[in-house]
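Each step along the sequence shown adds one to the number in this note's numbering, with nothing skipped, and position 116 is 116. Note that the Cβ used here is the ideal one computed from N, Cα and C, for glycine as well. Predicted, not measured: the structure shown is a model, and the values here were computed from it.
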Amino acid sequence: MNTRVFTSPLFLGFDHLEQMIERAAKNSSDGYPPYNIEQLSPVSLRITLAVAGFTMDDLQITLEDNQLVIRGRQTDDGQGRVFLHRGIAARQFQRAFVIAEGIEVKGAWLDNGLLHVDLVRPVPQPVVKNIPISRGQSKTNVAPTRVVNGDSRDSQG
């Protein structure tokens, strides 16, 4: 189902926003693995995913077009084991988060079955630039320029 949101001519150039909304909606349909998003401070966030049974080698984190993608694929090292009950999910997953522009990934770590990814939004420094004002010249005071053999020269010189 492809429902276009920004069909009005007033929304020209907002295609990237529509694509971000579609990606977010597509990725939110699967509930595995469960995750939390915490705001640690006004400029820092943490995404925590429950990845019990996954090792660091089973996990991959990438940043693709303002989208943080976390993938997990367990290697089948349970050969020879017989499970009477298997309640811990051991399936592969891909979880994606749309990241606003300007947010940076600070780092990630795995601790007690939880994968933590820290994000930070640096506070933008206000940019103040002085623009020099020069004395204006009237159009009658400017000497015309003429072109001689492809070389532009002032008509006075």
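Scanning its chain for C-beta atoms nearer than 6 angstroms, with the 5 sequence neighbours on each side dropped, one finds around Arg95 the residues Ile70, in chain order.
Contact between the segment 121-133 and the segment 52-60 is not established, with fewer than three Cβ pairs separated by less than 8 angstroms.
Bounds of any beta strand (DSSP E) do not take in Glu64, whose DSSP letter is neither H nor E. Ile37: member of the beta strand (DSSP E) spanning Tyr35 to Ser41, first to last residue. No Cβ-Cβ contact shorter than 8 angstroms links His116 with Arg73.
For the set Leu110, Ser134, Asp65 and Gln79, the Cα lying nearest the Cα of Ile103 is the one of Asp65. Counting C-beta atoms within 10 angstroms of its own C-beta, Leu49 has 16 or more neighbours from the protein chains shown and is therefore classed as buried. Its chain contains Leu45 as the residues whose beta carbon lies nearer than 6 angstroms to that of Gln39, once the 5 sequence neighbours on both sides are disregarded; these appear in chain order. For Gly107, the uninterrupted beta strand (DSSP E) run begins and ends at Glu104 to Asp111, by DSSP.
Beta-bridge pairing by DSSP links Val117 to Ile47 and Ala108.
Under the 10 Å beta carbon count, Pro132 is surrounded by fewer than 16 other beta carbons and is classified as exposed.
In the DSSP assignment, Phe93 falls within the unbroken beta strand (DSSP E) covering Phe93 to Val98.
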